[in-house]
Amino acid sequence: MIKVISKKGALRAFYFLMALDGVSTFEKDCFEEIGTELLGEEFSAIEEEIISECERVISSIEVDDERYDVIQEGIDRALNDVVAAIDTGVVPRLLIWDMLSLAHSDSIFTDEENRLISHVARVLQIDKSVLVDMKHLISVARSILDEKKVLESSSRPYSEIRPMVDEVEKRQQTIVEAAKALIADDYLLEKVEKEDDTILSTGRKISDFVVGGSKKIGDVKPLMKNISNFAVTGASEITDSAGKFFSKFRGFAKSNGVILPEEYEKLKEKLPDDMVLPKDAVAYGMASDFTSALVVCFQGSEESSMDFDDPKGVIKSLHENMDEYSGIIEVKAGVAKSGGRYIYHILKHSTDQDGEDPKGNTYTINLNIQIGNTIQFVNGSFQEVGTTGIRDNMVYEVLRDQGQIEGFEGWSTDPYDSEFKEGFLMNLSEQDQFDEMIPSHPLSEIRKLAAFIIESN
C-alpha cells in the first residue's frame with residue numbers, strides 16, 4: 007500500500023518548499039495553479055488558511071541556521087496528513103513531481119531544495135531510481151524549453167525554423183508521456199495484477215528513450231493504456247496534470263507572458279468593466295512607501311503595438327496628442343536580454359484636473375516587448391501616495407544649494423524638444439539620476455519595473 011497524502015497536506019508541503027528561499031511571485035502563481043488542479047474552486051476558499059498555517063511555523067525561526075530544519079519538520083507533519091482513498095489525495099510520485107516543478111519554476115534549483123525533495127522521497131519510500139529519473143526529466147525539459155524559446159525568437163526565415171520547432175515539440179511530447187508513465191505507476195501499483203510487473207518496470211528505463219536512445223514512445227503505451235481502466239479513481243485526471251508540467255517552468259509559462267518582480271502580486275479581484283481589457287489580461291498590484299501601483303499584462307498584436315523601430319515617431323505622436331495635464335518623461339526602444347525587441351514610454355499626469363488641491367502625480371508606462379513569437383503589453387499606473395511632492399522638493403533644494411538653478415527658470419522642460427511648451431512638462435527632479443535618492447517614489451519604481459522586464463524577459 008502506498009501512502010496517499012491529503013490534498014491539503016500536499017499543499018502545505020508545497021508551500022514549505024517554496025519558503026526555503028522565500029516565496030517569489032512566480033512560485034506563488036505555480037502554487038495557485040497546482041492548488042486549483044487539486045481542489046478546483048475549493049482552493050480559493052482555503053488558500054489563505056493553508057498559507058497562514060505554514061507561516062505560523064516559519065515565524066518560529068529565530069536564526070537563519072534553523073530555517074531548513076524547521077521547514078523540514080513542517081513538511082514531515084504535512085506528510086502525516088494521509089487519506090485512505092487514492093482518488094481523494096495525492097500519490098507520492100505526483101507529490102514529488104509537483105515539488106520538482108515548483109523548485110524549478112524560478113529557474114534556480116538550489117542545493118537545499120534538492121536536499122529537501124530527496125528527504126521527502128525517502129519518507130514516502132520512493133525508489134531512488136525513480137527520483138533520479140524525475141530529476142533527469144526536469145533537466146531535459148528545461149533544456150528543451152530553452153531551445154524552443156531561442157528558436158521562437160530567432161530572426162531566421164519561418165521555413166527554416168518550423169522543422170526545428172516541430173522536432174523540439176516531438177521531444178517535448180516524449181517528456182510528457184514519460185512523466186505520465188512515472189506518475190501513473192503509483193496508481194497501477196494499487197490496481198495492476200502481479201503479471202504486469204514487467205510493464206511497471208518501464209518507469210525505471212525512462213532515461214533510455216528520453217535522451218534519444220533506442221526506445222520509442224510505443225514502449226510505454228501498455229502502461230498508459232491501463233490508466234483508462236481506472237478512471238473511476240480519478241487517477242487519469244490527476245496524471246493528466248503531468249501533461250501540463252511545462253507550464254510550471256518559467257521558460258515555458260512565461261514564453262507567452264511577462265515575468266514581473268516578486269513584489270508585484272496578482273490581484274484576485276475582478277477589474278472594473280470600464281477598463282475594457284482583453285480576456286487574458288492579468289492584473290498585479292504593488293505598494294511601497296510612496297507608491298501605489300496597478301500593472302496589467304496581456305498579449306497584443308503587431309498592429310496594436312508601437313513601432314519598435316520608430317521611437318521618434320512615438321514621441322511625435324505623443325506631442326500631437328498631449329493634453330495640459332500630461333507630459334513625456336521618457337521614450338526608449340532596444341533589445342531585451344533574451345533577444346526580443348522592446349519599446350516603451352513613460353508619461354506623468356497631474357491629479358489636479360478638477361481644480362482641487364493636487365493629490366500627487368501619477369506616472370504611467372506603456373511597454374511592448376517581443377517574447378517568443380508574441381508581443382506582450384505591460385500597462386502600469388503608479389500613483390504618488392503619502393507625503394507627495396517630496397522628490398521635487400528634495401532635488402530642488404539640492405540643485406539650488408549647488409547653484410545649478412535660480413528660481414524656477416529651466417526647472418521644467420520637455421526631454422526631447424525644448425521648444426515644446428504644452429502639457430505638464432517633465433522637471434529636473436524626474437531625471438533618472440535622482441531615482442536612487444527616493445527609490446520608492448513612483449517614477450523610480452516604474453523605471454525599476456521597466457529595467458527588470460527588459461533584463462528578465
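Numbering of the sequence shown is given in this note's numbering, commencing with residue 7 and proceeding in unit increments.
For glycine and all other residues, C-beta sits at the position ideal for the given N, C-alpha and C.
Can you name the start and end residues of the alpha helix (DSSP H) that Q78 belongs to?
Residues 73-85.
Identify the residues that DSSP records as bridge partners of S310: which are they?
Beta-bridge pairing links S310 to no other residue.
Quick one: is D420 buried, meaning 16 or more other Cβ sit within 10 Å of its Cβ, or exposed?
Buried, by the Cβ-count rule.
Comparing alpha-carbon positions, which option in E61, L45, D35, N385 lies nearest A25?
Checking every option, the nearest Cα to that of A25 belongs to E61.
Along the chain, where does the alpha helix (DSSP H) that runs through F464 open and close?
In the structure as shown, the chain starts at 7 and stops at 463, and residue 464 therefore has no counterpart that could be examined.
For S415, name the three-state secondary structure that DSSP assigns.
The sequence given here has Glu at residue 415, not Ser. In the structure shown, E415 sits in coil (DSSP, three-state: anything other than H, G, I, E or B).
Spell out a yes or no on whether the stretch 303-314 and the stretch 444-463 are touching, meaning 3 or more CB-CB pairs, one atom from each, closer than 8 Å.
Taking 8 Å as the limit for Cβ pairs, the verdict is that the stretch 444-463 does not touch the stretch 303-314.
Take V129 as the anchor and find which of I81, S160, T94 has the nearest alpha-carbon.
For the residues I81, S160, T94, the minimum Cα distance to V129 belongs to I81.
Just list the residues that DSSP pairs R347 with in beta bridges.
Looking at the DSSP assignment, R347 forms a beta bridge with V341.
Quick one: using the 10 Å Cβ neighbour count with 16 as the cut-off for buried, is I244 buried or exposed?
Note that I244 scores 33 on pLDDT, short of 50, meaning its location in the model is unreliable; the coordinates nonetheless yield the value given after this. Buried: at least 16 other Cβ atoms inside 10 Å.
Drop a sphere of 10 angstroms on the beta-carbon of Q408, count the other beta-carbons inside from all chains shown, and report buried for 16 or more, exposed for fewer.
Exposed, since its Cβ has fewer than 16 Cβ neighbours within 10 Å.
Based on DSSP bridge pairs, tell me the residues matched to C303.
Answer by DSSP bridge pairing, in chain order: V288, V384.
Quick one: residues in its chain with C-beta nearer than 8 Å to the C-beta of S446, no 5 flanking neighbours on either side, listed in chain order?
Contacts found: S294, D295, F296, T297.
Among Q410, K427, D172, which one has its Cα closest to the Cα of H325?
When each option's Cα is compared against that of H325, the closest is K427.
Under the three-state reduction of DSSP, which class applies to L2: helix, strand or coil?
Limits of the chain in this structure are 7 at one end and 463 at the other, which puts residue 2 out of reach.
Please list, in chain order, all residues of the same chain as P284 whose beta carbon is under 6 Å from its beta carbon, the five residues on each side excluded.
Once the five neighbours on either side are set aside, the close Cβ partners of P284 are F304.
Could you work out which residue in P267, D438, E173 is closest to I150 when comparing CA atoms only?
Cα-wise, what sits closest to I150 is E173.
Buried or exposed: which applies to G95, given that a residue is buried once 16 or more other Cβ atoms fall within 10 Å of its Cβ?
Flag for G95 reads buried.
Checking the sheet assignment: what are the DSSP bridge partners for V69?
Note: V69 sits in no beta bridge, so no partner.
Examine the Cβ distances between the stretch 19-36 and the stretch 95-105 and report whether three or more of them are shorter than 8 Å.
With the cut-off at 8 Å, the stretch 19-36 and the stretch 95-105 touch.
Could you check whether the stretch 66-85 touches the stretch 43-58, counting it as contact only if at least three pairs of C-beta atoms, one from each stretch, sit closer than 8 Å?
Because the criterion of three Cβ pairs below 8 Å is not met, the stretch 66-85 and the stretch 43-58 do not touch.
Hey, how far is the Cα of S161 from the Cα of N372?
Using only the alpha carbons, I get a separation of about 25 Å.
Taking all protein chains shown into account, do 16 or more other C-beta atoms lie within 10 angstroms of the C-beta of S450, making it buried, or fewer, making it exposed?
Buried, because 16 or more other Cβ atoms sit within 10 Å of the Cβ of S450.
Can we say the stretch 309-324 touches the stretch 436-446, given the rule of at least three CB pairs closer than 8 Å?
Taking 8 Å as the limit for Cβ pairs, the verdict is that the stretch 436-446 does not touch the stretch 309-324.
Could you check whether N374 and S356 sit closer than 8 Å to each other, using their CB atoms as the reference points?
Not closer than 8 Å, so no.
So what's P448 in DSSP terms, helix, strand or just coil?
In the structure shown, P448 sits in a helix (DSSP, three-state: H, G or I).
Are the Cβ atoms of S65 and G378 separated by less than 8 Å?
No.
Going by DSSP in three states, I460 sits in which element: helix, strand or coil?
Helix.
G395: buried (16+ other C-beta within 10 angstroms of its C-beta) or exposed?
G395 should be labelled exposed.
Short of 8 Å in beta carbon distance, which residues of its chain neighbour D286, apart from the five on each side in sequence? Order them along the chain.
Excluding residues within five positions, the ones whose Cβ falls inside 8 Å are F304, Q305.
If you draw a straight line from the C-alpha of S30 to the C-alpha of G15, how long is it?
When rounded, the distance between both Cα atoms is 21 Å.
To the nearest angstrom, how far is the alpha carbon of T180 from that of T370?
Between T180 and T370, the C-alpha separation is close to 44 Å.
Would L340 and L353 be called neighbours here (beta carbons separated by less than 8 Å)?
Here residue 340 is Gly; the residue named in the question, Leu, does not match the sequence. Cβ atoms of G340 and L353: not closer than 8 Å.
If I follow the unbroken alpha helix (DSSP H) through L434, where does it start and stop?
From DSSP, L434 is part of no alpha helix (DSSP H); its letter is neither H nor E.
Can you give the beta carbon distance from P317 to I265, rounded, assuming they're within the 8 Å contact cut?
Going by Cβ atoms, the distance from P317 to I265 rounds to 24 Å, so no, they are not a contact pair.
How would you label N433, buried or exposed, when you count the other beta carbons within 10 angstroms and need 16 or more for buried?
Looking at its Cβ environment, which holds 16 or more other Cβ atoms inside 10 Å, N433 is buried.
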